[in-house]
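Taken in order, the sequence shown gives residues 1 to 166; the numbers are from this note's numbering.
Where a beta carbon is used, it is the ideal one built from N, C-alpha and C, also for glycine.
Structure record follows, encoded as structure tokens.
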Amino acid sequence: MTTPNSLLELSFTDNHGAVVPLADFAGHPMLIVNTASKCGLTPQLEGIQKLYDEFSPQGLVVIGFPCDQFAHQEPGDDSQIEEFCQLNYGVSFPLSTKVDVNGKNTHPVFAFLKERSSGILGSSIKWNFTKFLVSPDGATIKRFAPKTTPDAIRADVESMLPESAS
């Protein structure tokens, strides 16, 4: 498979089974996060939702990709994950079906993100809540470590919003 030039060439399956082309979000910055419900970092969902509430009217797209590859911290099925996120953190941003972010079954979205933005320890994702901020053209990626709080990336998010919106 040829490596895409932009994330906008890819798609994901949402947690209700619908295929969502990322091209639908062309012109919008995207925050993509591998999430888990049973992780010490799970409370970050609250901050991610806060960013979504504040900046989605200006174009920010947030997508959570539940992943069970780290210490079995996302054991639920898609509906259990959605219910947990909504009840505990008020999550209203889209969630994908559960995906792999490393290994032979790495989801194409994460293969692209990792190729375009190596972390300190190489390209593989080391833990839940690795965050990727993707520019509106789908080509430029900023990567943030799991422990980087959503509030700490606020300025980066704002810098990618359209001038007229900020």
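Margin query: Tell me the rounded alpha-carbon separation between P57 and L161.
Written below: For the purposes of this step, residue 57 is taken as residue 57 along the sequence shown, with counting starting at 1. For the purposes of this step, residue 161 is taken as residue 161 along the sequence shown, with counting starting at 1. Their backbone Cα atoms lie some 10 Å apart in a straight line.
Notebook entry, point to check: Which residues bound the alpha helix (DSSP H) around V109?
Noted result: The count along the sequence shown starts at 1 and reaches residue 109 at position 109. Taken as a continuous stretch (DSSP letters only), the alpha helix (DSSP H) holding V109 covers P108 to R116.
Notebook entry, point to check: By the 10 Å Cβ neighbour count, where 16 or more other Cβ atoms means buried, how is T3 classified, buried or exposed?
Noted result: Translated into the one-based positions of the sequence shown, residue 3 becomes position 3. T3 should be labelled exposed.
Checklist line | Separation of L10 from A165, as counted between CA atoms | finding: In the sequence shown, residue 165 corresponds to position 165, counting from 1. In the sequence shown, residue 10 corresponds to position 10, counting from 1. With a pLDDT of only 45 at A165, under the threshold of 50, the placement of this residue in the model should not be trusted; the figure read from the coordinates follows. C-alpha separation (whole angstroms): 26 Å.
Item checked: Contact set for H28: own chain, Cβ-Cβ below 8 Å, skip 5 residues either direction -> By 1-based counting over the sequence shown, the position of residue 28 is 28. Excluding residues up to 5 positions away in sequence, G59, L60, V61 and P136 lie with their Cβ nearer than 8 Å to the Cβ of H28 in the same chain.
Item checked: Completely contained alpha helix (DSSP H) runs for the stretch 40–92, where each covers 4 or more residues -> 44–55 and 78–89
Notebook entry, point to check: If you draw a straight line from the C-alpha of V109 to the C-alpha of F93, how long is it?
Noted result: For this step, residue 109 is matched to residue 109 along the sequence shown. For this step, residue 93 is matched to residue 93 along the sequence shown. Their Cα atoms are separated by approximately 17 Å.
Notebook entry, point to check: Going by alpha carbons, who is nearest to S37 out of Q49, G76 and S96?
Noted result: Sequence index remark: in the sequence shown, residue 37 carries index 37 (1-based). Per the Cα distances, G76.
Next item on the list: For R154, write down the residues that DSSP places opposite it in a beta bridge.
Entry: By one-based count along the sequence shown, residue 154 stands at place 154. Per DSSP, R154 has no beta-bridge partner at all.
Next item on the list: Please say whether L22 and L31 have beta carbons closer to each other than 7 Å?
Entry: Along the sequence shown, read from residue 1 onward, the residue named residue 31 stands at position 31. Along the sequence shown, read from residue 1 onward, the residue named residue 22 stands at position 22. Not a contact, by the Cβ cut-off of 7 Å.
Item checked: I153 to G17 span [Cα, whole Å] -> Counting from one through the sequence shown, the residue named residue 153 turns up at place 153. Counting from one through the sequence shown, the residue named residue 17 turns up at place 17. Taking the straight line joining both Cα atoms gives about 30 Å.
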